[in-house]
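Order-wise, the sequence lines are chains A and B. Counting along the first sequence from 1, when you hit position 58 you're at 58 in the UniProt record's numbering, and nothing is skipped either side. Counting along the second sequence from 1, when you hit position 6 you're at 6 in the UniProt record's numbering, and nothing is skipped either side. The structure appears below as structure tokens.
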Amino acid sequence: MIRLQNIEKVYRTDTVETLAIDNITLDIAKGEFLSIMGPSGCGKSTLLNIIGLLDEPSKGSIRIDDQDTSRFSDQQMAKFRNQKLGFIFQSYHLINDLQVLDNVELPLLYRTSSAKERRQLATEALEKVGLSNRLKHFPNQLSGGQRQRVAIARAIVGRPQIILADEPTGNLDSAMGNEIMDILINLNKNDGTTIIMVTHDENMAHKTHRLVRLFDGSQVQ
Amino acid sequence: MIKHLFTLIWNKRKHNVLFLSEILISFLVIFAVFSMFVFYYLNYVKPSGFEYERVWSISYNNPLKTKDKDTLATFYKQVRSTLTALPQIEELSFSSHNYPYSNSISTSGFSYKDKKLIGVNFFQTDEDYCKVLGINVIEGRWFKKEDGLMKNNYMIINASLKKAMFGNETAIGKYTGEDKDENRSLIIGVIDDVKTTGDYWPAGQSMYKMVDSGAYEWLGIMLLKVSKDADAAFESRLSKILAKAIPNSNIEIKHLTETRESKNSDTVIPVIICSIIAGFLIINVALGLFGVLWYNINQRRGEIGLRRAIGASGSSISSQLVAESMLLATLSLIVGFFFAIQFPLLSVFNVPPQVYLIALLMAIAFIYLLVIVCSLYPGRQAAAIHPAIALHEE
């Protein structure tokens, strides 16, 4: 499903060169739930961004769904992200000026779908995360756990094959974190969605199929 | 997408008040300036209706104390003969003080059956006025010498007055005023509109009457059509001849080309001043819009990063920001349009409605252009925001 080969990421300034990812090769199977762990600054989020085509590697290649993403144009990359990938962030990244339903509809706006279809899919996604009674609320009227559930609904509304979650439980207490984790596990089990999750939490990581540990940009496990 | 953007704008309306106000105020100012431009331009492109080249005006005071018509007529006949004997003078006409480009105006009422008009320009001239100024007669004829001798009360009107009073019917042979009115005039001719107040002002509605010999007592203007070889030396000689012919009189010779320039300057200079002020305002508004959009983009880096992550390309981010600005501008323009449309509907300042309508369309187009220009660069900068960095910042 996802094949990373000899991925290297170097950040350069005028005077300093920082190696964020050092020669990582990784295969992730379809339907796998993978967690990435490691200390702060070890390159977890950078790796996730590279897999999510939000950042480009300095060296190496990525194939997702048998497609070489290095040859994608900006338009193709955007289309690929929209159709194949779903993102969940630690800080939710909801648009506070839009209602919950409008937030969830967002990915569908970059596709050709009717307003009715968008509304239906967004409502279904919110039902899946147990927020069908909060459609007209604004994000700042919701708790942290509810906001993250909205973010999950937004990630799954376009029925992507892969979900990339960057510390989805990082801002939540353990009870809320477990709720979110249960939703992700169900998505992986029931829908066969491939999930790659960056986390600091060992307990959460052990709930996934496989754990990858990074240290100073290199894979150590 | 438009509905989505509209929802976003509506939900952020409080944040957008500054942008909306800026656009509304600039639209109203630009509408006013464009109305002025269009009004002057539409008048400017219309023909002046007469020839001002090689036409000199001579102002004088009547030196004779007598009110006797025959004495006056004889005196001014002598003056006319003296001047027309000069080879450089092709035509000569006596006129009331409101000759073209002068600072005098004379207006009167005009009525025909039930229709009445006020503020109609009223000119008193003689049979040679038309020849001196090269005025084109559209219908009927200009005054003849005999018209002044006979008891007929003849009148000539211009095309605008004819259109206002008679529409498509002929005006020739019609009497002004009511049937019982003893002083009613017979219309004998219709001439082209003559722009007497400058190139940038409308000719307005005008009527012309022939002066009788008694008018020499107060007439103070002679108009001369001079030949091409009438130079400064001739002007000096003419001045001396006039001083002799009309003794004890303040004589002043002016060239209509110069009075025209002076008259036009009276219009153009305020327009230039207004344009400079409006130009500075537009620059300020443009910088303001640019700043507001730039600020908005910096405030929305997280949102932009998110949109990139969920499927927006760089160009669609750029287009979205331009489209948002255009929608905001549209909201302001709807409010501005409501105010601006009152001008043509109520014919404010007696300006033709088409002037306001053209200015309205131009102002709308200008505002959209301004908004596009001001939002293109911030839009491009937004498109260049690296999603991974923007999302990390949040």
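No residue lacks a Cβ here, since even glycine has one placed at the ideal position from N, Cα and C.
Buried versus exposed, by CB contacts within 10 Å (16 or more), residue i
i, result
"residue 466 of chain B", "No answer is possible for residue 466 of chain B: the residues shown for chain B start at 1 and end at 394."
"B:Pro-387", "buried"
"B:Phe-339", "exposed"
"A:Thr-18", "exposed"
"B:Asn-183", "exposed"
"A:Gly-158", "buried"
"A:Ser-45", "buried"
"B:Glu-178", "exposed"
"B:Glu-170", "According to the sequence shown, residue 170 of chain B is Thr rather than Glu. By the neighbour-count rule (16 or more Cβ atoms within 10 Å), B:Thr-170 is not buried but exposed."
"B:Ile-118", "exposed"
"A:Arg-118", "buried"
"B:Asp-70", "exposed"
"A:Gln-75", "exposed"
"A:His-209", "exposed"
"B:Lys-162", "buried"
"B:Ala-363", "buried"
Anticipated Cβ contact below 8 Å, residue i with residue j, distance rounded
i, j, result
"B:Ala-323", "B:Tyr-368", "Actually they are not in contact, since the Cβ atoms of B:Ala-323 and B:Tyr-368 sit about 12 Å apart, beyond 8 Å."
"B:Asn-158", "B:Val-194", "7 Å"
"B:Trp-142", "B:Gly-173", "Wrong, their Cβ atoms sit about 16 Å apart, outside the cutoff."
"A:Ala-153", "A:Ala-125", "4 Å"
"B:Glu-127", "B:Lys-144", "6 Å"
"A:Lys-84", "A:Pro-160", "6 Å"
"residue 396 of chain B", "B:Leu-321", "Because chain B in this structure spans residues 1 to 394, residue 396 of chain B falls outside the shown range and cannot be described."
"B:Val-335", "B:Leu-18", "In fact, because the Cβ distance is near 15 Å, the residues do not count as touching under 8 Å."
"B:Leu-238", "B:Ile-253", "7 Å"
Partners in chain A for residue i, counting only beta-carbon separations shorter than 9 Å
i, result
"B:Thr-7", "Asp-97, Leu-98, Gln-99 and Asp-102"
"B:Ser-347", "Going along chain A, no residue has its Cβ under 9 Å from B:Ser-347, so there is no contact; the nearest lies around 44 Å."
"B:Leu-24", "The contacting residues do not exist; B:Leu-24 stays about 22 Å from chain A at best."
"B:Leu-328", "In chain order: nothing, as chain A lies at least about 14 Å away."
"B:Leu-321", "Under the 9 Å cutoff, chain A gives no residues; its nearest Cβ is about 14 Å from B:Leu-321."
"B:Leu-281", "Here the premise fails: no neighbours, minimum Cβ distance about 31 Å."
Same chain, Cβ closer than 7 Å to residue i, neighbours up to 5 away in sequence not counted
i, result
"A:Phe-87", "Gly-52, Ala-155 and Leu-164"
"B:Ile-25", "none"
"B:Arg-80", "Leu-92"
"B:Ala-215", "Gln-124"
"B:Thr-84", "Leu-92"
"B:Ser-160", "Asp-193, Ala-203, Gly-204 and Gln-205"
"residue 395 of chain B", "The question about residue 395 of chain B has no answer, for chain B in this structure spans 1 to 394."
"B:Glu-51", "Leu-133 and Gly-134"
Interface partners of residue i on chain A, CB under 8 Å
i, result
"B:Ser-21", "Under the 8 Å cutoff, chain A gives no residues; its nearest Cβ is about 20 Å from B:Ser-21."
"B:Ser-375", "Near B:Ser-375 there are no residues of chain A at all, since even the closest Cβ is about 19 Å away, more than 8 Å."
"B:Lys-3", "Ala-115"
"B:Lys-12", "Asp-97"
"B:Glu-324", "Near B:Glu-324 there are no residues of chain A at all, since even the closest Cβ is about 12 Å away, more than 8 Å."
"B:Leu-42", "Simply none; closest approach about 46 Å."
Where residue i meets chain B, residues with beta-carbon distance less than 7 Å
i, result
"residue 261 of chain A", "Here chain A comprises residues numbered 1 to 221, so residue 261 of chain A is not present and cannot be evaluated."
"A:Asp-55", "Ala-388"
"A:Leu-106", "Ile-310"
"A:Asp-74", "Ser-313 and Gly-314"
"A:Asn-49", "Ala-388"
Residues that DSSP places opposite residue i in a beta bridge
i, result
"A:Asp-27", "A:Arg-3"
"A:Leu-164", "A:Phe-87 and A:Ile-196"
"A:Asp-68", "A:Arg-63"
"A:Arg-213", "A:Met-37"
"B:Val-137", "B:Ile-191"
"A:Arg-12", "A:Glu-17"
"residue 429 of chain B", "Given that chain B is displayed from residue 1 to residue 394, the structure contains no residue 429 of chain B and the question cannot be resolved."
"B:Lys-116", "B:Ser-111"
"B:Glu-91", "B:Lys-225"
"A:Gln-219", "A:Leu-214"
Amino acids of chain A, ordered along the chain, whose beta-carbon sits closer than 7 Å to that of residue i
i, result
"B:Leu-306", "His-93"
"B:Gly-302", "His-93"
Spatial neighbours of residue i in its chain, beta-carbon cut-off 8 Å, leaving aside the 5 residues before and after
i, result
"B:Phe-6", "Leu-327"
"A:Val-212", "Leu-26, Leu-34, Ser-35, Ile-36, Met-37, Gln-219 and Gln-221"
"B:Ala-73", "Ser-213 and Tyr-216"
"B:Met-210", "Gln-124, Thr-125, Asp-126, Glu-127, Phe-143, Asp-147, Gly-148 and Tyr-154"
Proximal chain B residues relative to residue i, where beta-carbon distance stays under 9 Å
i, result
"A:Tyr-110", "Met-1, Arg-307, Ile-310, Gly-311, Ala-312, Ser-313 and Ser-316"
"A:Asn-61", "It should be pointed out that residue 61 of chain A corresponds to Ser in this sequence rather than to Asn. Residues of chain B passing the Cβ test: none, with the nearest at roughly 18 Å."
"A:Lys-79", "Gly-311 and Ser-313"
"A:Asn-82", "Ile-310, Gly-311 and Ala-312"
"A:Ser-40", "Chain B residues near A:Ser-40: none, gap ~13 Å exceeds 9 Å."
Close Cβ partners of residue i (< 6 Å) along its chain, the five nearest in sequence each way excluded
i, result
"A:Leu-26", "Leu-4"
"A:Met-176", "Gly-145"
"A:Ile-64", "Ile-2"
"B:Val-271", "none"
Neighbour list for residue i in chain B, Cβ cutoff strictly below 8 Å
i, result
"A:Gly-52", "Ala-309"
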